[in-house]
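Engineer:
There are 2 protein chains.
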Amino acid sequence: MRAVVALGGNALSPPGAAGTVAEMRAALRKTAEPLADLVGRGVELVISHGNGPQVGRILLQQEYAADHVPPMPMDVCGAESQGQIGYLLVQALDSALRRRGLDTRALCLVTQVVVDGRDPAFRRPTKPVGPSYPRPEAQRIAHETGYVFTIQPDKLWRRVVPSPKPVRFVEEVPLLQVIEAGHVVVAAGGGGVPVVEHRRELRGVEAVVDKDLTAARLATLVRADLLLILTTVDKVYAGFGTSQQRALDRLTEAEATELLAAGEFPEGSMGPKIEACLDFVRASGARAVVTSLGRVVDAVFADAGTTIGGDGAVDG
Amino acid sequence: MRAVVALGGNALSPPGAAGTVAEMRAALRKTAEPLADLVGRGVELVISHGNGPQVGRILLQQEYAADHVPPMPMDVCGAESQGQIGYLLVQALDSALRRRGLDTRALCLVTQVVVDGRDPAFRRPTKPVGPSYPRPEAQRIAHETGYVFTIQPDKLWRRVVPSPKPVRFVEEVPLLQVIEAGHVVVAAGGGGVPVVEHRRELRGVEAVVDKDLTAARLATLVRADLLLILTTVDKVYAGFGTSQQRALDRLTEAEATELLAAGEFPEGSMGPKIEACLDFVRASGARAVVTSLGRVVDAVFADAGTTIGGDGAVDG
């Protein structure tokens, strides 16, 4: 069985963490345990991950040093975060695999994702990146840089960048080769480094591709039997936070599509995860599961989490 | 023919550059041209590169932001620089390959290099990293962090870290697979992220492995026919800067060993390059060439640069 796992921010460092390497190592050590268990049970794993807090810290470092060191654009920062997180994740996975006496090893491939330069997302930046600012400072930065800011629920302002859809991976061929060779592959971190094709050349763009949508594309590419989207909750809820709240065990493709269209899943949190599951389910006919790290082994081998699509769901 | 190329700092950004992404892209665009020519002429390329100025800038950014963002240790910064440089280099190579109508594509593998925890280098840090400081500031930082500083030729002080020998690559198996599959592979940037094995786990260390020695190990691993060490000069000189200065065309392994032992090649510049060539020549029986980027195609197909070892040199 082959599975693509999308790790959320909490899998990389605990919520509210200061962002020290010790915190990241501790979080990754915990994250690696169930993933290594899956490998031990014969699952071929491809791992993708978010990078929000990590690339946020890189952007903040750039800003504090901006009078002395020229800041790099978002695409380059994204590539730096792939190196940072990929390295630490590979090391944590290798250790967990070794502790189990497994010979499989992990590796990280720096991955570019091609997006469409005409994607409507480029006309409407929505994805917050980097630090929050009070209004005057946000205005000053916007004036100096041309960045677009929007107000956040906490009344502070954050830069927003476009979040175009992933189309394909530049490193598609070698990616498939290392997966076929049986390695645990960490790829397309932070949704992949977004690039557009321009006159037959690739060019990085200041954008962030949703990591779950990217994981869905990755799962389709590698013909995964399963897409696992890991988050902080064990299951997806309908009517979350209302008196009608109910945990969902299984959704057919049609049911998930309907609930998503009805606005049951909040934009910016569960919505894109369900959308990613549907992308994969529609393209592959296989199943996707949204669950927590703690339930991931049971999600693969039993019935933990919320399953979308796949044979069982279609029949049921 | 298979060749490992070690790119120096100038190949990544021009000397004295501020370190903007535009400077890096321009330098890499020039660097990619002769490398793509080699691919066009049938050479299987593995590319390694330095990261001194780039990781220096990452360290500086960390320092300026240290009150707000916890700095990462050297190994993590090295991995970040692999992501940064690898991404930009792969993009430049891809464009150059596409312009030639070649189907070969480049990819970057985040690479860890295992070093020996008992390497004597750990008792004598020698490799300068990061920014230069006047003495009082260096003393303050040394006091706060435990870092070791030494005075540089310019009378300023820089942190020094150990520079242990590369032993092997953690990603050895997948590295060989992607090379065998015919991709242009960027690997072990900045000498590789140095790790030690401790109780069967890998652990990053605050050290920098010499990028040319790492390239030599890489060349041995992939059974390269040729190790190309690119630098600012077309050829190696004996008695450099003296009235006896002479360009060297070819050196047998014995001649190079003798000149190195006699102190003909300055430590910290040409010395480690010759040592790296000798490491590879001794392990493989193949040849190594030290030359400039501008002469690299002629170094492979004609007789540019300084050749060390190989059949010709052994016979001559």
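Line by line, the protein sequences give chains A and B.
The first sequence begins at 0 in numbering that gives the first Met the number 0 and counts up by one.
The second sequence begins at 0 in numbering that gives the first Met the number 0 and counts up by one.
We treat Cβ as the ideally placed atom computed from N, Cα and C, and that holds for glycine.
To the nearest angstrom, how far is the alpha carbon of residue 275 of chain A from that of residue 192 of chain A?
Structural biologist: 18 Å
Engineer: Give the single residue among B/89, B/259 and B/186 whose Cα lies nearest to the Cα of residue 221 of chain B.
Structural biologist: B/186
Engineer: For residue 205 of chain A, does the three-state DSSP call read helix, strand or coil?
Structural biologist: In the structure shown, residue 205 of chain A falls within a coil segment according to DSSP collapsed to helix, strand and coil.
Engineer: When you check each C-beta in the segment 152-177 of chain A against every C-beta of chain B, which residues fall closer than 8 Å?
Structural biologist: Listed by position along the chain: 169, 170, 172, 173, 176 and 177.
Engineer: 7 Å is my cut-off, CB to CB: does residue 180 of chain B come that close to chain A?
Structural biologist: Chain A, which has a Cβ nearer than 7 Å to the Cβ of residue 180 of chain B, makes this yes.
Engineer: How big is the Cα-Cα spacing for residue 155 of chain B and residue 147 of chain B?
Structural biologist: Between residue 155 of chain B and residue 147 of chain B, the C-alpha separation is close to 14 Å.
Engineer: Go ahead and pull the three-state DSSP assignment for residue 30 of chain A.
Structural biologist: helix
Engineer: According to DSSP, what are the bridge partners of residue 158 of chain B?
Structural biologist: Answer by DSSP bridge pairing, in chain order: B/128 and B/148.
Engineer: If residue 79 of chain A and residue 83 of chain B are in contact, beta carbons under 8 Å, what's the gap, nearest whole angstrom?
Structural biologist: 5 Å
Engineer: So which residues on chain A does residue 71 of chain B lean against when the C-beta distance must stay under 8 Å?
Structural biologist: Residues of chain A passing the Cβ test: 20 and 83.
Engineer: With 16 other CB atoms within 10 Å as the buried threshold, where does residue 94 of chain B fall?
Structural biologist: Buried: at least 16 other Cβ atoms inside 10 Å.
Engineer: Pick out whichever of B/237, B/19, B/97 and B/170 has its Cα sitting closest to the Cα of residue 198 of chain A.
Structural biologist: B/97
Engineer: Going by DSSP, which residues form a beta bridge with residue 193 of chain B?
Structural biologist: B/112.
Engineer: Leaving out the 5 sequence neighbours to the left and right, which residues in its chain are closer than 6 Å to residue 298 of chain B when beta-carbon positions are compared?
Structural biologist: 288, 290 and 304
Engineer: Give the interface partners of residue 143 of chain A over in chain B, defined as CB-CB distance under 9 Å, in chain order.
Structural biologist: Simply none; closest approach about 16 Å.
Engineer: Select from B/113, B/20 and B/62 the residue whose C-alpha is nearest the C-alpha of residue 140 of chain B.
Structural biologist: The option with the nearest alpha carbon to residue 140 of chain B is B/62.
Engineer: Which residues of chain B have a Cβ atom closer than 9 Å to the Cβ of residue 301 of chain A, listed in chain order?
Structural biologist: Simply none; closest approach about 30 Å.
Engineer: Please tell me whether residue 59 of chain B has its Cβ less than 7 Å away from any Cβ of chain A.
Structural biologist: yes
Engineer: Would you say residue 250 of chain B faces chain C, with C-beta separation under 7 Å as the test?
Structural biologist: Here chain C cannot be found, since the structure's protein chains are A and B.
Engineer: What are the start and end residues of the alpha helix (DSSP H) that includes residue 308 of chain B?
Structural biologist: Unbroken run through residue 308 of chain B is the beta strand (DSSP E), 305-308; no alpha helix (DSSP H).
Engineer: Check each residue of the segment 195-220 of chain B: if its Cβ is closer than 9 Å to any Cβ of chain A, include it; give the result in chain order.
Structural biologist: Hits within the stretch, in order: 199, 200, 201, 202 and 203.
Engineer: For residue 327 of chain B and residue 119 of chain B, I'd like the C-alpha separation in whole angstroms.
Structural biologist: Chain B is shown from 0 up to 315; residue 327 of chain B falls before or after that span and cannot be answered.
Engineer: Is the CB of residue 90 of chain A under 7 Å away from at least one CB in chain B?
Structural biologist: Closer than 7 Å: yes.
Engineer: To test your reading of the DSSP string, which unbroken beta strand (DSSP E) runs of 3 or more residues are found completely within the segment 67-121 of chain A?
Structural biologist: 105-109 and 111-113
Engineer: Would DSSP call residue 277 of chain B helix, strand or coil?
Structural biologist: helix
Engineer: Quick one: what's got a C-beta closer than 7 Å to residue 134 of chain A's C-beta in the same chain, skipping five residues either side?
Structural biologist: 156
Engineer: Ignore the nearest five residues each way along the sequence and tell me which others in residue 180 of chain B's own chain have a CB closer than 6 Å to its CB.
Structural biologist: none
Engineer: According to DSSP, simplified to helix, strand and coil, what is residue 200 of chain A?
Structural biologist: strand
Engineer: Could you tell me the boundaries of the alpha helix (DSSP H) in which residue 62 of chain B lies?
Structural biologist: 51-63
Engineer: DSSP state of residue 11 of chain B, grouped into three classes?
Structural biologist: coil
Engineer: Is the beta carbon of residue 208 of chain A less than 7 Å from the beta carbon of residue 190 of chain A?
Structural biologist: yes
Engineer: Between which two residues does the alpha helix (DSSP H) holding residue 216 of chain A run?
Structural biologist: 210-220
Engineer: DSSP on residue 288 of chain B, reduced to helix/strand/coil?
Structural biologist: strand
Engineer: Using a threshold of 7 Å, state whether the C-beta atoms of residue 0 of chain A and residue 54 of chain A are closer than that.
Structural biologist: no
Engineer: What are the boundary residues of the beta strand (DSSP E) that includes residue 45 of chain B?
Structural biologist: 43-48
Engineer: Which residues mark the beginning and the end of the beta strand (DSSP E) in which residue 184 of chain B is found?
Structural biologist: 183-186
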